[in-house]
Every structure is written in structure tokens, then in C-alpha cells.
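Working notes, beginning with the structure itself.
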Amino acid sequence: MQNIEHAATLLREGKLVAFPTETVYGLGADATNERAVAEIYAAKGRPQFNPLIIHFADIASAKQRVVWNAHAEKLARAFWPGPLTIVLPRAKTCDISLLAGAGLETLAVRVPAHPLAQALLNATHVPLAAPSANRSGRVSPTLAAHVHEELHDKVAMILDGGPCEVGLESTVVDATGARVKVLRPGSVTPDMLCEALLENVELAYGEAAGEADAPASPGMLLQHYAPGLPVRLHAQEVRAGEALIAFGAAVPAGAERVINLSERGDLTEAAANLFASMRALDLPAYSGIAVMPIPEEGLGAAINDRLKRAAAK
Ligand code: TXA
Ligand code: MG
20 MQNIEHAATL LREGKLVAFP TETVYGLGAD ATNERAVAEI YAAKGRPQFN
70 PLIIHFADIA SAKQRVVWNA HAEKLARAFW PGPLTIVLPR AKTCDISLLA
120 GAGLETLAVR VPAHPLAQAL LNATHVPLAA PSANRSGRVS PTLAAHVHEE
170 LHDKVAMILD GGPCEVGLES TVVDATGARV KVLRPGSVTP DMLCEALLEN
220 VELAYGEAAG EADAPASPGM LLQHYAPGLP VRLHAQEVRA GEALIAFGAA
270 VPAGAERVIN LSERGDLTEA AANLFASMRA LDLPAYSGIA VMPIPEEGLG
320 AAINDRLKRA AAK
């Protein structure tokens with residue numbers, strides 16, 4: 020736990036610390052310190068208008084910063100700590116950096132479940148603003164080594180918690196209105212949300228939101244999770260020079276290299292492997308990355324959402 024104490028000290032001094040969450044690695048800064056938050060945008064090379072998720076140790080600390088409501092209560096009870104982010108109006112007395120919220124009237128809040136994230140939040144005693152710890156427009160890191168590759172010269176410390184269990188960023192919901200809207204799909208699926216809320220949710224991402232014209236959530240730029248190589252989706256066969264991201268047991272032949280997201284066709288396993296696979300195959304040696312079809316059910320919707328972004332040019 021020595022590491023955690025040191026990381027907490029660095030964060031309180033306004034420095035950046037990358038840390039693991041159950042979803043992906045985060046690039047953390049003291050969310051109440053404008054300068055530290057500005058460092059996040061600088062390190063990522065992220066457009067200033069893209070607001071950050073604020074991480075809290077527990078429900079009570081999150082509640083203090085936002086205008087809480089009945090939907091938020093049900094969602095927090097059902098899914099926190101865990102991979103769900105809730106967008107709510109900022110409280111009048113909110114001490115979170117305005118820059119972290121990109122000047123919006125709302126704030127995206129979440130209580131992560133990863134034991135190292137929990138230990139860090141408890142040791143730091145401040146909420147942490149943390150986007151995924153990648154450079155802007157690149158795929159999210161699911162290993163400490165990924166963070167090191169892209170940001171080692173920008174962070175004071177990288178806490179290594181091994182591979183992230185979920186492997187996809189948190190589900191983001193907007194709970195400011197009469198009906199809860201899903202802004203970003205993730206491992207907490209619409210069905211799970213409906214079950215906790217006992218009512219329907221609206222899907223406000225992808226085609227449902229007419230995203231080709233205007234992204235619903237400021238961070239949901241269509242081309243967001245982008246490897247350098249062209250990405251070809253729903254591949255039934257392999258073309259010359261391509262590397263293949265496979266799914267399931269029936270894999271077409273002829274790829275320069277194959278990474279199988281899940282041989283047994285398990286979507287949870289596939290989600291956890293997705294970003295690391297894109298990184299591993301994003302090499303000039305290949306002409307492109309072909310991706311086999313992924314079923315749209317359950318976690319598949321979130322996987323396909325990320326794949327569509329990776330393929331957008
Ligand atoms: O799993 C995760 O959520 C990871 C880990 C580190 O917690 N974090 C993450 O952060 O993915 P980031 O910054 O890469 O994505 C934040 C998403 C973006 O799509 C952003 O637009 C949206 O949350 N967001 C943040 N604040 C918002 C707000 N006030 N209204 C609507 N969307 C918001
Ligand atoms: Mg991100």
C-alpha cells in the first residue's frame with residue numbers, strides 16, 4: 020500500500036497519476052484543482068470541450084456534488100461501485116473544476132469498483148477526474164503497459180493493476196430528464212438499466228441518436244477509437260495482407276495474424292480483449308485489420324459501437 024500513499028501524495032500536489040479501474044485505465048488528477056485538470060487535457064491532446072468523468076470513493080461523496088434524484092438513487096444502488104457513469108446537474112455548491120465539466124451545467128459521476136481505484140480514492144480524499152489514459156482519439160488502455168507507451172512522459176506515476184476486467188469504458192447515462200438516456204453503451208446494458216429502474220430507457224447513441232450528423236455526448240465523436248490501420252468490419256473472409264480479429268471457433272483462413280477475442284464466443288471475454296487486440300494488430304506490416312461479425316446482443320452492442328468508431332474514417 021506504500022504505492023497508494025505515494026500516488027495519493029502526488030495527486031494532492033496536482034500531479035497526474037494513471038490508475039486501473041474495472042473498465043479501462045484512467046488518467047487521474049485532483050478534480051477540485053483546475054490546473055491539475057488542465058494537465059489532463061494537455062497530456063491527452065484532447066479537445067477542451069470534451070468533459071471528464073469524476074470518480075468518487077462512495078455514493079455519499081458523489082451525491083454532494085450533483086443534484087441527486089430518484090433515478091440516480093436506483094442506479095447507484097444497483098450498479099455502484101461499478102462500470103456505470105451517471106450524468107446529473109452540478110450542485111450549486113459543487114467544488115469540482117469547471118474545466119473538468121467542460122463548462123457544462125452537468126457532471127458525469129461514477130464510483131469505480133476496482134480495489135486499487137478504491138484504495139487510491141480513499142487515500143487521496145479528493146474526487147479524481149479521469150478520462151481513459153490514452154492520447155485523444157486512440158483506443159483506451161486495458162494494461163499498464165498501454166499507458167506507459169502513450170503517456171509515460173506525462174504522468175508522475177502509473178499504478179499497475181494488471182489487465183482490466185471489463186475492458187470497455189463505463190456505460191454513460193444521462194439522468195437529468197424524465198427518462199434515463201444511454202449516451203454510451205457499456206457492460207451495464209439497457210436491459211440491466213430497465214430492470215433496476217423498473218421503466219424503459221432511451222438509446223441516445225449511434226444511429227439512434229443520428230450520430231453521423233451530431234454526436235449526442237460531446238465525447239462521442241464518431242471517429243474516436245481509432246487504430247492507425249484501416250479497420251474493416253463484418254469480415255467473412257480475409258483479404259491480402261490483413262490481420263484478423265476473430266470471434267468464435269469458425270475462423271476464416273489467410274490472415275497474416277489472428278487474434279481471437281473469444282474462441283468460445285463469449286462476449287464478456289471478447290470485450291475484455293478488444294482494445295488490446297486492436298493495439299497488438301495496429302502495425303505497418305499489415306494492410307488493415309479485418310474484424311469478424313460480433314452478435315449485437317448484450318455486451319455485443321457496446322463492442323460493435325467501439326468497432327464502428329474504430330472503422331470510421
Ligand atoms: O470507464 C470509464 O468511464 C473510464 C474510466 C477511467 O473511468 N473513463 C472514460 O472517460 O472513459 P472518458 O473521458 O474517456 O469518457 C468520458 C465520456 C465521454 O464520452 C464524455 O463525453 C462523457 O463521458 N461525458 C462526460 N461528462 C459528460 C456530461 N456532462 N454530459 C454528457 N456526457 C459526458
Ligand atoms: Mg476515452
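What the sequence shown shows, in our numbering, is residues 20 to 332, in sequence order.
Where is the CB? At the ideal position from N, CA and C, for every residue including glycine.
Exercise. If you count every other CB in all the chains shown that lies within 10 Å of the CB of residue 141, and 16 or more means buried, which is it?
Worked result: The residue you call residue 141 lines up with position 122 of the sequence shown. Residue 141 comes out exposed.
Problem set entry | Contact set for residue 324: own chain, Cβ-Cβ below 7 Å, skip 5 residues either direction | The residue labelled residue 324 in the question sits at position 305 within the sequence shown. Result list for residue 324: 204, 224, 225, in chain order.
Exercise. Are the Cβ atoms of residue 154 and residue 64 separated by less than 8 Å?
Worked result: The count along the sequence shown starts at 1 and reaches residue 154 at position 135. The count along the sequence shown starts at 1 and reaches residue 64 at position 45. It is a contact, given that the beta carbons lie within the stated cut-off.
For this session: On a CA-only basis, which of 194, 131, 188 is nearest residue 85? Give me that one, please.
Result: Within the sequence shown, numbered from 1, the residue matching residue 85 stands at position 66. Selected option, being the one with the closest Cα: 194.
Exercise. What residues are listed by DSSP as bridge partners for residue 224?
Worked result: For this step, residue 224 is matched to residue 205 along the sequence shown. Answer by DSSP bridge pairing: none, since residue 224 is not bridged.
Problem set entry | Per-residue burial, residue 233 [other beta carbons within 10 Å of its own, 16 or more giving buried] | Counted from its first residue, the sequence shown places residue 233 at position 214. The predicted position of residue 233 is uncertain, since its pLDDT is 45 and thus under 50; a value taken from the coordinates is nonetheless stated next. With fewer than 16 Cβ atoms within 10 Å of its Cβ, residue 233 is classed as exposed.
Exercise. Which residues in the same chain as residue 124 place their Cβ atom closer than 8 Å to its Cβ, once the five residues preceding and following it in sequence are excluded?
Worked result: The residue given as residue 124 occupies position 105 in the sequence shown. Here the set comprises 108, 109.
Exercise. Can you list the beta strand (DSSP E) stretches of 3 or more residues lying completely in the stretch 181 to 212, in chain order?
Worked result: 190 to 193, 200 to 203
For this session: Report yes if the CB atom of residue 198 is closer than 8 Å to the CB atom of residue 214, and no otherwise.
Result: Here residue 198 refers to the residue found at position 179 of the sequence shown. Here residue 214 refers to the residue found at position 195 of the sequence shown. No, the pair does not count as a contact, with Cβ atoms beyond the cut-off.
Exercise. Straight-line CA distance for residue 95 to residue 76?
Worked result: Sequence index remark: in the sequence shown, residue 95 carries index 76 (1-based). Sequence index remark: in the sequence shown, residue 76 carries index 57 (1-based). C-alpha separation (whole angstroms): 13 Å.
Problem set entry | Whole-angstrom distance between residue 274 and residue 139, CA atom to CA atom | Translated into positions along the sequence shown, residue 139 becomes position 120. Translated into positions along the sequence shown, residue 274 becomes position 255. So the alpha carbons of these two residues sit roughly 43 Å apart.
Problem set entry | First through last residue of the alpha helix (DSSP H) which encompasses residue 96 | Here residue 96 corresponds to residue number 77 of the sequence shown, with the count starting at 1. Segment 89 to 98, the alpha helix (DSSP H) holding residue 96.
For this session: Evaluate contact between the stretch 54 to 64 and the stretch 143 to 160, counting only Cβ atoms and requiring at least three cross-stretch pairs below 8 Å.
Result: yes
Exercise. Under a three-way DSSP split, which group does residue 238 fall into?
Worked result: Within the sequence shown, residue 238 is the residue found at index 219, counting from 1. A caution first: residue 238 carries a pLDDT of 49, below 50, which makes its placement in the model too unreliable to give a value.
For this session: Pull up the DSSP beta-bridge partners for residue 151, would you.
Result: If you number the sequence shown from 1, residue 151 lands on position 132. Note: residue 151 sits in a beta bridge opposite 45.
Problem set entry | Identity of the residues DSSP links to residue 176 by a beta bridge | Locating residue 176 in the sequence shown gives position 157, where the first residue counts as 1. 36, per the DSSP bridge assignment.
Exercise. Along the chain, where does the beta strand (DSSP E) that runs through residue 112 open and close?
Worked result: One-based indexing of the sequence shown puts residue 112 at position 93. Unbroken run through residue 112: none, as it is neither H nor E.
Exercise. So who's on the other strand from residue 125, going by DSSP bridges?
Worked result: Mapped onto the sequence shown, residue 125 falls at position 106. Note: residue 125 sits in a beta bridge opposite 108.
For this session: Round the Cβ separation of residue 178 and residue 22 to the nearest angstrom and send it over; I've been treating them as touching at under 8 Å.
Result: Along the sequence shown, one-based indexing puts residue 178 at 159. Along the sequence shown, one-based indexing puts residue 22 at 3. Contact holds; Cβ gap of about 6 Å.
Problem set entry | Length of the line joining the Cα atoms of residue 265 and residue 54 | Counting from 1 along the sequence shown, the entry for residue 265 is found at position 246. Counting from 1 along the sequence shown, the entry for residue 54 is found at position 35. Cα-Cα distance, rounded: 43 Å.
Exercise. Would you say the stretch 161 to 180 touches the stretch 32 to 41, given that touching needs at least three Cβ pairs under 8 Å?
Worked result: yes
Problem set entry | Strand pairing of residue 265, partner residues [DSSP] | To locate residue 265, count along the sequence shown from 1; it is residue 246. Paired residue(s): 279.
Problem set entry | residue 150 CB to nearest heavy atom of the ligand MG below 7 Å | As a first step, residue 150 must be located in the sequence shown, where it is residue number 131. True, at least one ligand heavy atom lies under 7 Å from that Cβ.
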